[in-house]
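Numbering (the numbering used here), first residue to last: 32 to 600. Below: one structure, written as structure tokens.
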Amino acid sequence: MSGPLWIEPVPLLAGAPRLHDDPLLHELLARRIANPQDAKDFLDARPRPAPDPCLLPGMSEAVTRIGDALRRGEQIGVFGDYDTDGVTSAALLTNALRAASNGIQPVAVRLPLRQEGYGLSEAGVDDLAAAGATLLVTVDCGSKDHAAVARARALNMDVVILDHHRLLEAPPAEAIVASAHLRDDAPYREVSAAGLAYLLATGLTQAGFDAGDGRGQEPVSLLDLAMTGIVGDVSSLTGVNRALVRDGLRRFRDQPRPGLKALCECASIEPRNVTSVHIAYQVSPRLNAPGRLGDPRIAYELLMATDSRAALKLAPQAEGANQKRKMLQGRILRDIETTLASNPRQLERRVLVFAASDWEPGIVGLVASKLAEQYDRPVVVLSIADGIAHGSARSVAGFDIASALSSAAGLLLRHGGHERAAGLALPEKRLPELDDALQVAIAESQAALPGPPRLVIDADLEPDRLQIGTARLIQTIGPFGEGNPVPLLRISRVPIRGYTVMGREKQHLKILTAGPAGNVDAILWSGAERSPELIGTRHVDIIGYLETNVWNGSARVQVRTVDFRPSFD
């Protein structure tokens, strides 16, 4: 039976220095880290020194201008974005500004509706001007919005931009802090908008303002928001991001914010056990959903809630939006599967482009991400309305989708993003030209040809180590995410004691394996159709992630299975 390719672990160098006493952790570290000192630093969980925000170009100017506004009692306007990073950034900055003014500083907040499109809008500028703002601070947007910045200046507003998107030509702002504009090895190169907002709040703290948790060196009460935005934006969890996420998770576990705690309840997560994986796959989607389908203000107000009563009223709205998101996402995926089944030759193209008039615009980016992973090639998914196609592109290693769209700018009404993700809009009639332009661009790139899914094994795990202590040991090299993925383990010849299908629609497969301390569940989500492969099987080889599952206060080890094969003697 065909399936993913299992790629053997990279061989360890003979005579390489020992990086950890435990052989499994030594293997995992040796394949990710170059030398013992780097490994020691990686594992060091001691309190870190406060970050230096002024390493970021433009941060000193931003802190100075905002500090002046705080001292003069100016009305400050904050403009964010509708995704997790944008919403957490806006909440973080609002909390910091209110704390820095002892709760009396007027702060007006404007978040874009999905139908208004991405970025700082002139309508948003007008709204903040009408609220009396004389200083506008953008988070997670602004670096490309020249017309809107010019509009703010015309309305006598100074503008400070905090953005982590690529900066091509600077708009006329008072200060611009754009992490993506830094060189690749700069300390803050990978920081998301929430990370930038936290560094700004740290700069205000170091300038003498109490931006959260006293007049220390940094506003640690805001670390949970920074962490949630960084993880939700799929930023690389290395360097400064790793430190902020690690410390933010500690803050979350010790003193959960009411809104985040309420979302954990919706997802059946115990806050004191939360991990970066929980944030990425369960908390962030619930924060994203309201903005994808309507009004991100629900997520913002949830993060700003100061008591559990208010949070528990808002959390079901976010949960309902997330359930609707799942339904709409499934429908679009089924539409595309039908299209490919009727036209299989489309899979001969190295970039896949799909468009339809009845697809929810806020969902197409999620669909593009899933399809890019499934088909191992760049994917563009667009929703058409009134002759205009709006949508998202997701790419693979070796193909810079943002640059490819820039090369086709003459076809587009607007575009912007990163190497692996971008947004775009263009006239519907130009879709065939865009498709052709992307095929040319990828042919000229260094991107590898599409192939079957590849599962790169990080290490082998002996069946007798299927225990909770091993899962907890692996967590010591977290937090996990982009740049530091959860280790993918192969467990060979695991004895199985049975299997069953589970879930409301019986769509998941649970394999009961024999561990040293009792049965260990190996769960293959959406894998029920593979249950016949286990008929008559006594041992199985599994590739998956070792996890701790906490239910009703009891912790058990389980394997989140990615693939399996019956073992043969």
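All C-beta atoms, glycine included, are put in the ideal place defined by N, C-alpha and C.
- With contacts defined by Cβ atoms closer than 7 angstroms, Q506 and P547 do not form a contacting pair.
- Following the DSSP letters along the chain, one finds D215 in no beta strand (DSSP E), marked with neither H nor E.
- Counting along the chain, the unbroken alpha helix (DSSP H) around L124 starts and ends at 115-131.
- When rounded, the separation of the alpha-carbon atoms in L268 and L60 is 15 angstroms.
- The region 294-301 and the region 74-82 do not touch, with fewer than three beta-carbon pairs separated by less than 8 angstroms.
- V251 is not a Cβ neighbour of I310, given a cutoff of 7 angstroms.
- Counting only residues of its own chain and dropping the five nearest sequence neighbours on each side, L86 has a CB closer than 7 angstroms to the CB of P218, Y219.
- Excluding its 5 nearest sequence neighbours in each direction, P483 has C-beta neighbours in its own chain below 6 angstroms: L36, listed in chain order.
- Shown here, N353 sits in a helix according to DSSP, grouped into three states.
- Excluding sequence positions up to five before and after R408, its CB lies within less than 7 angstroms of the CB of R381, V382, L383, V427, P481, all in the same chain and listed in chain order.
- Annotation for I419: the continuous beta strand (DSSP E) segment containing it runs 419-425.
- Secondary structure remark: continuous beta strand (DSSP E) runs of at least 3 residues inside the region 47-115, in chain order: 107-110.
- N583 is not bridged by DSSP to any residue.
- Counting C-beta pairs closer than 8 angstroms gives three or more between the region 508-527 and the region 564-575, which meets the contact rule.
- Pairing I522 with V180, the inter-Cα distance amounts to about 56 angstroms.
- The bridge partners DSSP lists for G448 are A453.
- Across the set V412, D417, D594, the C-alpha of D594 shows the shortest separation from the C-alpha of R485.
- Taking all protein chains in view, the Cβ of V41 is surrounded by fewer than 16 other Cβ atoms within 10 Å, so the residue is classified as exposed.
- Under the 8 angstroms Cβ criterion, the region 342-357 does not count as touching the region 146-163, having fewer than three qualifying pairs.
- In the DSSP annotation of this structure, D552 is not part of any alpha helix (DSSP H); the continuous beta strand (DSSP E) holding it starts and ends at 549-555.
- By the CB criterion at 7 angstroms, A206 and G134 fall outside the cutoff.
- With a cutoff of 7 angstroms on beta-carbon distance, P316 and N353 are scored as near each other.
- M258: member of the alpha helix (DSSP H) spanning 254-263, first to last residue.
- Secondary structure at G509: coil, using DSSP grouped into helix, strand and coil.
- Under DSSP, the beta-bridge partners assigned to N515 are G512.
- Contact between the region 59-75 and the region 194-205 is absent: fewer than three C-beta pairs spanning the two stretches fall below 8 angstroms.
- Around the beta-carbon of K292, 16 or more other beta-carbon atoms lie within 10 Å, marking it buried.
- Between G418 and R197, the alpha-carbon positions lie close to 28 angstroms from each other.
- The DSSP-derived three-state label of I300 is coil.
- Apart from sequence neighbours up to five positions away, the residues of its chain that approach L402 with a beta-carbon distance below 6 angstroms are V410, ordered along the chain.
- Between L151 and P327, the CB-CB gap reaches or exceeds 7 angstroms.
- With a contact defined as Cβ atoms closer than 8 angstroms, A433 and G448 qualify at about 5 angstroms.
- The C-beta distance from A127 to L44 rounds to 47 angstroms, too long to fall under 8 angstroms, and the pair is not in contact.
- Here S152 carries a coil assignment [DSSP, helix/strand/coil].
- Closest option to G558, judged by alpha-carbon separation, among N580, P54, G534: G534.
- Spatial neighbours of P137 in its own chain (CB-CB distance under 6 angstroms, excluding positions within 5 residues in sequence) are listed in chain order as Q106.
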